[in-house]
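Heads up, the thing below is written out as structure tokens.
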Amino acid sequence: MLGVPDFEVEKLSSSTFGWKRILVALNGEQSEPKQLKLPPQTAFPTFLERSSALHGLAEAAKRAFSDNGEEIFDVEQILDDDLVYISNGSGFVVGNGGATGGAVGGYILKELIGSGGFGKVYKGIHPETGELVALKFINKHSFREIDDADRVFVEIQALRDLSHKHVIKMLDVVTHPNFVCFVMEFASHGDLRGYLHSRGRLSEDQARAFFEQVLKGVHYCHSKNIVHRDLKLENILIDQGCRCKIADFGLSHFVVGTTGMRTEAGTLAYLAPEVWSQTSQFSSPFQLDVWALGVILYALTQGKLPFAQADRATVDRLHKVN
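Using UniProt numbering, read the sequence shown as starting at 1 and increasing by one per residue.
If you want it as structure tokens, here you go:
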């Protein structure tokens with residue numbers, strides 16, 4: 001179900017050691033990707049010529065893009081088994097053509113507004129209503145481990161089931177042979193990290209107001225038996241009304257009963273001591289979010305994180321206190 005269509009891939013012999021297997025598709029078209037094998041140190045123009053011939057094009061392609069829309073200028077940018085789109089000179093188009101960046105789920109793809117974890121996030125606009133949305137693309141071809149696939153579908157299920165004024169709303173899910181796109185509520189004022197970076201530490205009143213909103217969103221998630229597991233400033237967005245909204249449930253997890261949960265997820269500066277000490281399987285998983293909330297509160301009031309990646313001595317001391 002996941003990933004690009006299956007291909008018959010012959011094993012590389014010792015004489016082809018160092019060669020790359022690349023999947024090449026036509027930009028903006030629904031053509032099936034075709035496999036191309038490149039020897040080491042292939043020049044980029046040669047790659048374009050061979051890719052074009054593979055698809056029966058009369059002229060060599062002029063540009064190439066990764067499946068997240070980034071332009072490729074050198075074969076060294078391409079990894080083994082990557083999916084690459086070749087173009088006659090036009091910009092990257094997602095799916096069935098459309099304007100610059102393409103049309104996805106009825107929305108026109110606009111500028112890149114964020115990236116991290118599995119995917120990139122673009123602003124989208126509905127051509128008729130003018131509604132703004134956030135379009136998060138997650139590349140199916142990047143699912144090299146089954147855990148990655150599981151985490152994507154956890155995100156889909158979690159966001160569909162959540163409805164709260166301090167949690168980003170998912171409006172739709174668009175499937176494609178090469179990616180999953182989440183159509184989500186757009187928060188126009190960026191994230192809390194950017195907000196703090198531009199303003200520094202907040203006043204006590206403003207920090208309290210923001211933190212109360214985040215707490216309400218987390219409490220709602222916990223009431224639905226969902227642990228976020230990656231709460232951080234970057235995952236708290238701010239809408240036009242200066243309201244906080246929790247986003248990015250790519251690491252969220254449904255908790256059944258009182259079963260403990262050991263995790264390798266989460267961003268280092270926000271990880272609870274029991275995660276560092278590898279004893280989180282003996283703790284309530286909801287405590288992971290509570291610890292991260294404490295880190296966020298410190299950042300709101302002090303304008304910086306309490307620590308980055310703690311050393312072993314600090315971790316041991318925190319764990320004893322905890």
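Note that the Cβ used here is the ideal one computed from N, Cα and C, for glycine as well.
Keep in mind the model is a prediction, meaning the values are calculated, not measured.
What are the start and end residues of the alpha helix (DSSP H) that includes residue i?
| i | result |
| --- | --- |
| G194 | L192 to R199 |
| Q206 | E204 to S223 |
| F92 | From DSSP, F92 is part of no alpha helix (DSSP H); its letter is neither H nor E. |
On the DSSP bridge assignment, give the partners of residue i in chain order.
| i | result |
| --- | --- |
| residue 331 | The chain is shown from 1 up to 322; residue 331 falls before or after that span and cannot be answered. |
| F179 | N139 |
| E71 | F65 |
| A134 | K123 and M184 |
| K20 | L38 |
Could you spell out where the beta strand (DSSP E) holding residue i opens and where it closes?
| i | result |
| --- | --- |
| C242 | Unbroken run through C242: none, as it is neither H nor E. |
| Q35 | K34 to L38 |
| Y122 | G119 to I125 |
Quick check on DSSP: helix, strand or coil for residue i?
| i | result |
| --- | --- |
| N139 | strand |
| A25 | strand |
| G294 | helix |
| I113 | strand |
| E185 | strand |
| I168 | coil |
| I226 | strand |
| A58 | coil |
| E234 | helix |
| A53 | helix |
| I108 | strand |
| I78 | coil |
| L162 | coil |
| T301 | helix |
| P306 | coil |
With a CB to CB cut of under 7 Å and the five nearest residues on each side skipped, what residues in its chain are close to residue i?
| i | result |
| --- | --- |
| S51 | V24, L36, A61 and I86 |
| G106 | H126 |
| Q206 | none |
| F73 | F44 |
| D80 | K20 and R21 |
| D161 | K224 |
| A299 | L196, L233 and L305 |
Which residues in the same chain have their Cβ closer than 6 Å to the Cβ of residue i, if we skip the five residues on either side of it in sequence?
| i | result |
| --- | --- |
| Q240 | S188 |
| I168 | M184, E185, K245 and A247 |
| G69 | F92 |
| K123 | K110, E111 and I113 |
| L48 | A60 and A61 |
| E71 | F65 |
| V75 | T42, F44 and F47 |
| L231 | D289 and A292 |
| Y220 | H164 |
| F7 | The pLDDT assigned to F7 is 31, lower than 50, so where the model puts this residue is not dependable; a value taken from the coordinates is nonetheless given after this. Here the set comprises Q35. |
Leaving aside the five residues before and after residue i along the sequence, list all residues of the same chain whose C-beta is less than 8 Å from its C-beta, in chain order.
| i | result |
| --- | --- |
| W19 | L12, K37, L38, P39 and P40 |
| C244 | H166, L192, F210, Q213, V214, G217, I236, L237 and I238 |
| H55 | V24, L26, S31, K34 and I86 |
| L171 | V133, V183, M184 and E185 |
| L135 | V104, G105, Y107, L109, V121, Y122, K123, G124, C181, F182, V183 and M184 |
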